[in-house]
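Residue numbers (our numbering), protein chains in the order written: chain B, 31 to 270; chain Z, 5 to 442.
Following: one structure in structure tokens, then a few remarks.
Structure (structure tokens):
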């Protein structure tokens, strides 16, 4: 799985180690989001608490990986695919950290809902369904990153539409609830926040997928938006 | 004949012929003949050598190149080569056959298997591992396993070099929900990762845990009441006579509740452990319905109207006790869960040749999402209500078991605000018809 040939074996090892760390962080984030949605579905208070408390572990990963990225760039002055890899990782890590925040947010909101003993929580099953899609997208994005699979990443960009549609449907449903019975407004709003957080996880998965295409294909812009490519190209031009 | 005899004979013939020509014709012709003979022999060897070289060259790249044929010593050499190659081919086939069998055996295993090298990189996996972990045997060769199986618990397990208990992955990709992963050292420094689908085991475990928790809870509640009063008495709290009578009545009520629960538990466990088919009594259904109606009226205490609807004639074959308990449970449930003033109708009719006992009420109805789970033990649609009504939470589980033992089944139709119909269906061969029925 060597990305490119290097005279320096040590450099390759450093890059591999960095990728492993990113994937480990990804595994943690996957677990956080899956756990948050699951615990929300069944009302598991302790698990929600645990997820909120574990968010700092995600943050620590982000800081550590970013530092390592900067160190490698400064020491090795990489070019071409290695530089793209480092830039990409730096962005992927930001997206992963945001995903982790979303998990903590879902846990916090869910705790609030169960704290007030709101018994009839609408749309729980829809949110679970949407959450399952979001987690599967994130998982697919990380798989694509591990495999440097640009084609798989492109599929994720397409699949994100499914989550957006689900979010629209949940919003409409919640509006109906609120119109029928204004007493449900406060809980419906909380649910809406949770749905929005899940929807954002899908967006972050999409961003990660776009970075993977950039890392793997470099100048190939078929599946990348123009401004995305411009930003990436600028980053490469500055440090090379 | 030794191997040198043939060549020697041929050289001898050539020399003798050349000598004879030299003696009888002239010297020059003799020499010329000898030279020509030697040259021809030399050319023959060169040609054969060339053929051998070409064959050796081609056989490196192509498999099925026949060994050249020749005569004399060259043919001996070629034949030996041919034999060697045939043996080697047979050996290779045997080897690939046994490899094939081994990998087929690995494919047939119900568990996922991944071969890992010293650096925890994937070397090979079977198709079950592909299903469990999403690893592709070809594409993911050489990829560190932790890049694809990213659960933090698994990473920790790998770091411990598998010296701890197997990891359980809860959020495996559907359809598998729960996986158990264990790692075994193999060969010199490789590792074997085994993944096992434990979704069903996990589910059974949850059901058992829930059951124990529920039973304990159901038993504890009445005990708390009784113990509370007894402690009060023991502490010498002065209670007046009416108060004492009330406490006594409450304790009695709670004790009865515990008794009912234990009875239901015993019934259930008897039904579950009974491998014998149920007895084949002839149960007189119209009579049973009438007595059920009387019992239900008594339980209701005049708060409901209990009526018999359609009652077909006839009896069924089955265990009288079990059927009575099952139908009685449906009847008493209807009384318990229908608000005051409601109307209950018991029916016994023949539908499509099959006998059906049904209880209709015009109560509050059951939300559709609860219906599939109603026969689970201790399943409550509304926790607050049901304990007050005196049900044990085991009634429908008993009904389901009794019907299953009689090859019957339970159907529940319900409409919120309109009421519910619980129907116990029995197979047609259990019907003992007194009149031919439509």
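Where a beta carbon is used, it is the ideal one built from N, C-alpha and C, also for glycine.
All of these numbers come straight from a predicted model, not from anything done at the bench.
Problem - Nearest candidate by alpha-carbon position, reference residue 225/Z, set 258/Z, 430/Z, 409/Z - result: Ranking 258/Z, 430/Z, 409/Z by Cα distance to residue 225/Z puts 258/Z first.
Exercise for the section: State yes or no: is the beta carbon of residue 148/Z nearer than 8 Å to at least one beta carbon in chain B? Expected result: Yes, its Cβ sits closer than 8 Å to a Cβ of chain B.
Exercise for the section: Taking only beta carbons into account, state which residues of the segment 41-54 of chain B come closer than 9 Å to chain Z, listed in chain order. Expected result: Per Cβ criterion, the list reads 46, 49, 50, 53, 54.
Handout entry: chain B contacts from the segment 298-320 of chain Z (Cβ-Cβ distance under 8 Å)
Key = Hits within the stretch: zero.
Handout entry: Terminal residues of the alpha helix (DSSP H) in which residue 273/Z lies
Key = Per DSSP, the unbroken alpha helix (DSSP H) holding residue 273/Z starts and ends at 245-277.
Problem - Among 419/Z, 413/Z, 29/Z, nearest to residue 429/Z - alpha-carbon criterion - result: Sorting 419/Z, 413/Z, 29/Z by C-alpha distance to the C-alpha of residue 429/Z places 413/Z at the top.
Handout entry: Best match in 324/Z, 25/Z, 337/Z for proximity to residue 310/Z [C-alpha to C-alpha]
Key = With distances taken between Cα atoms, residue 310/Z lies closest to 337/Z.
Practice task
Starting from residue 154/Z, trace the beta strand (DSSP E) both ways and give me its first and last residue.
Solution key: Here residue 154/Z belongs to no beta strand (DSSP E), and DSSP marks it neither H nor E.
Practice task
Label residue 60/B either buried or exposed according to how many other C-beta atoms from any shown protein chain fall within 10 Å of its C-beta, with 16 as the threshold for buried.
Solution key: By the neighbour-count definition (other C-beta atoms within 10 Å, threshold 16), residue 60/B is a buried residue.
Practice task
Measure from the alpha carbon of residue 158/Z to the alpha carbon of each residue in 144/Z, 124/Z, 131/Z, 354/Z, then state which is nearest.
Solution key: Per the Cα distances, 124/Z.
Problem - Buried or exposed (CB count within 10 angstroms, at least 16 for buried), residue 289/Z - result: Residue 289/Z comes out buried.
Problem - Proximity below 8 Å, CB of residue 158/B to CB of residue 71/B - result: One thing to note: residue 158/B has its Cβ within 8 Å of the Cβ of residue 71/B.
Exercise for the section: Alpha carbon to alpha carbon, how far is residue 75/B from residue 143/B? Give it in angstroms, no decimals. Expected result: If you take the alpha carbons of residue 143/B and residue 75/B, they lie about 11 Å apart.
Exercise for the section: Quick one: which residues of the segment 60-82 of chain B get their C-beta closer than 7 Å to a C-beta of chain Z? List them in chain order. Expected result: So the list reads 60, 61, 64, given in the order they occur along the chain.
Exercise for the section: Please go through the same chain and pick out, in chain order, the residues whose beta-carbon is closer than 8 Å to the beta-carbon of residue 266/B, but skip the five residues on each side of it. Expected result: For residue 266/B, the pLDDT reaches just 42, beneath the cut-off of 50, and the residue's location in the model is therefore unreliable, although a value from the coordinates is still provided. Around residue 266/B: 113, 114, 117.
Practice task
Can you give me the start and stop residues for the beta strand (DSSP E) that residue 153/B sits inside?
Solution key: Segment: none, residue 153/B is in no beta strand (DSSP E) and carries neither H nor E.
Handout entry: Residue range of the unbroken beta strand (DSSP E) whose run includes residue 8/Z
Key = Here residue 8/Z belongs to no beta strand (DSSP E), and DSSP marks it neither H nor E.
Handout entry: Among 214/B, 209/B, 180/B, 191/B, nearest to residue 229/B - alpha-carbon criterion
Key = Closest by alpha carbon: 191/B.
Handout entry: chain B within 8 Å of residue 3/Z, Cβ atoms only
Key = In the structure as shown, chain Z begins at 5 and stops at 442. Residue 3/Z is therefore absent and cannot be evaluated.
Exercise for the section: Using a Cβ-Cβ cut-off of less than 8 Å, list which residues of the segment 171-185 of chain B approach chain Z; keep chain order. Expected result: If the cut-off is 8 Å between Cβ atoms, the segment 171-185 of chain B has 172, 173, 176, 177 near chain Z.
Practice task
For residue 74/B, name the three-state secondary structure that DSSP assigns.
Solution key: DSSP places residue 74/B outside both helix and strand once states are collapsed to three, so it counts as coil.
Practice task
Hey, could you find the ends of the alpha helix (DSSP H) residue 215/B is sitting in?
Solution key: Judged by DSSP secondary structure, residue 215/B falls within the alpha helix (DSSP H) whose first and last residues are 215-247.
Practice task
Starting from the Cα of residue 404/Z, find the closest Cα among 129/Z, 41/Z, 272/Z, 335/Z and give me that residue.
Solution key: Per the Cα distances, 272/Z.
Exercise for the section: Check whether the Cβ of residue 217/Z lies closer than 8 Å to any Cβ atom in chain B. Expected result: Not an interface residue.
Practice task
Report yes if the CB atom of residue 81/B is closer than 8 Å to the CB atom of residue 134/B, and no otherwise.
Solution key: In this structure, residue 134/B lies closer than 8 Å to residue 81/B by Cβ.
Problem - Exposure of residue 125/B, with buried meaning 16 or more beta-carbon neighbours within 10 Å - result: Buried, since its Cβ has 16 or more Cβ neighbours within 10 Å.
Exercise for the section: Output the distance between the C-alpha atoms of residue 129/Z and residue 231/B, rounded to the nearest integer angstrom. Expected result: Put simply, the backbone Cα of residue 129/Z is about 31 Å away from that of residue 231/B.
Handout entry: chain B within 8 Å of residue 138/Z, Cβ atoms only
Key = Look at residue 138/Z: its C-beta is under 8 Å from a C-beta on chain B.
Practice task
Below 8 Å between beta carbons is the criterion; list the residues of the segment 213-233 of chain B that meet it against any residue of chain Z, in chain order.
Solution key: Legend: CB atoms of the segment 213-233 of chain B lying less than 8 Å from CB atoms of chain Z are not found in any residue.
Practice task
Between the Cα of residue 169/B and those of 85/B, 140/B, 222/B, 189/B, spot the shortest distance and give me the residue it belongs to.
Solution key: Of 85/B, 140/B, 222/B, 189/B, the residue nearest in Cα terms is 189/B.
Handout entry: Any C-beta of chain C under 8 Å from that of residue 58/B
Key = The chain inventory of the structure shown lacks chain C, comprising the protein chains B and Z.
Handout entry: Cβ pair count under 8 Å reaching 3, the segment 166-182 of chain B against the segment 194-201 of chain B
Key = Touching, no.
Handout entry: C-alpha gap between residue 296/Z and residue 332/Z, whole angstroms
Key = C-alpha separation (whole angstroms): 6 Å.
Problem - Residue ranges of each alpha helix (DSSP H) within the segment 365-438 of chain Z, 4 or longer - result: Correct list: 387-393, 399-409.
Problem - Residues that DSSP places opposite residue 286/Z in a beta bridge - result: In DSSP, residue 286/Z forms a bridge with 321/Z.
Practice task
Could you give the DSSP three-state label for residue 111/Z: helix, strand or coil?
Solution key: In the structure shown, the three-state DSSP call for residue 111/Z is helix.
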